[in-house]
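To start, the structure under review is shown below, and the notes come after it.
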Amino acid sequence: MSYSDFKTLEQINDELGIVIKDENRLYTQTEPVKLSQLFVEIMKMAFDLAIKIDTEMARQSFIVDNVLIELKRQVGISFFVGNTFNVDSSKGLTGNPDAIISHSDNQLYVTSPVVVLVEAKKSDIGSGYALCIAEMEAARIFNEKKGNDIPIIYGVVTDGAIWRFISLHFKLTIDIIPI
58 MSYSDFKTLE QINDELGIVI KDENRLYTQT EPVKLSQLFV EIMKMAFDLA IKIDTEMARQ
118 SFIVDNVLIE LKRQVGISFF VGNTFNVDSS KGLTGNPDAI ISHSDNQLYV TSPVVVLVEA
178 KKSDIGSGYA LCIAEMEAAR IFNEKKGNDI PIIYGVVTDG AIWRFISLHF KLTIDIIPI
């Protein structure tokens, strides 16, 4: 079993014991950041290309990866794309998330604290919730094993146009309003 075997929110609740709650506007108190003009121009072209090519890989490569690069520039995180993240095979928490974000400055391999997991979908982003949540639970366990008790793990499921944000803090919260 792997992350991709998690298909439904009911399965997440049954197999991982995660209580799921939907909420409107999970991040309403967050201040917008100023984007560079270069980033805005690149994203206009990248979004157009991703939509025309219309594959999950195009959306990941052109949209999500550029957002991760801008996040690294502004915040100084490390991120990993397509890396193996095998945490607990007995729970099915193995596989390759689309992207892993860590607060570590180590860019050579995934290190704790892992704080965000990203899943890109071609369409039907709802199909990515269970997958992303399983990866978030793996991040929580990974951090715990490394002695980093991170209170909140975040997740994002996106098709490049709609971004759904998730937080795992004792119970899971999904922002039901698309951004």
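If you count the sequence shown from 1, position 94 lands on 151 in my numbering, and the numbers rise without skipping. Even for Gly, the Cβ is constructed at its ideal location relative to N, Cα and C.
Would you kindly check if the distance between the Cβ of residue j and the Cβ of residue i is under 8 Å?
i	j	result
Asn205	Ser169	yes
Val167	Phe119	no
Asp155	Ala195	no
Gly139	Asn123	no
Leu150	Tyr211	no
Cys189	Ile223	yes
Val175	Val121	yes
Ala191	Phe104	no
Ala148	Leu73	It should be noted that the sequence gives Lys, not Ala, for residue 148. A contact, by the Cβ cut-off of 8 Å.
Got a sec: is the Cβ-Cβ distance from residue i to anything in chain B below 8 Å?
i	result
Glu201	Structure shown: chain B not included; a single protein chain is present.
Report back the beta-carbon spacing between residue i and residue j to the nearest angstrom; my notes put them in contact at under 8 Å.
i	j	result
Gly217	Ala177	7 Å
Ser135	Gln164	5 Å
Glu67	Leu92	Not confirmed; about 38 Å, so no contact.
Ile246	Thr141	Within the shown structure, residues of the chain are numbered from 58 to 236, placing residue 246 beyond reach of any answer.
Excluding the five sequence neighbours on either side, which residues of its own chain have a C-beta within less than 6 Å of the C-beta of residue i, listed in chain order?
i	result
Leu106	Phe119
Val173	Ile158 and Tyr211
Leu225	Met193 and Ile210
Arg278	Examination of residue 278 is not possible in this model, given that the chain is present from 58 through 236 alone.
Gly185	Glu176, Lys178 and Val214
Apart from the five residues just before and just after residue i, which ones in its own chain have a Cβ nearer than 7 Å to its Cβ?
i	result
Gln117	Asp155 and Ala177
Phe96	Glu127
His160	Ile134, Pro170 and Val172
Which partner residues does residue i have in the DSSP bridge list?
i	result
Ala156	Val138 and Val175
Phe119	Per DSSP, none; premise fails for Phe119.
Thr65	Answer is none; Thr65 lacks a bridge partner.
Gly212	Leu174 and Ile223
Leu150	Asp145
In its own chain, which residues sit with a C-beta less than 8 Å from the C-beta of residue i, not counting the 5 before and 5 after it?
i	result
Glu113	Ala177, Lys178 and Lys179
Val213	Val173, Leu174, Val175, Glu176, Cys189, Trp220, Arg221, Phe222 and Ile223
Gly133	Asp162
Pro208	His226
Thr65	Ala187
Gln131	Val90
My parser needs the beta strand (DSSP E) runs of 3 or more residues fully inside the stretch 70–100; what are they? 77–80
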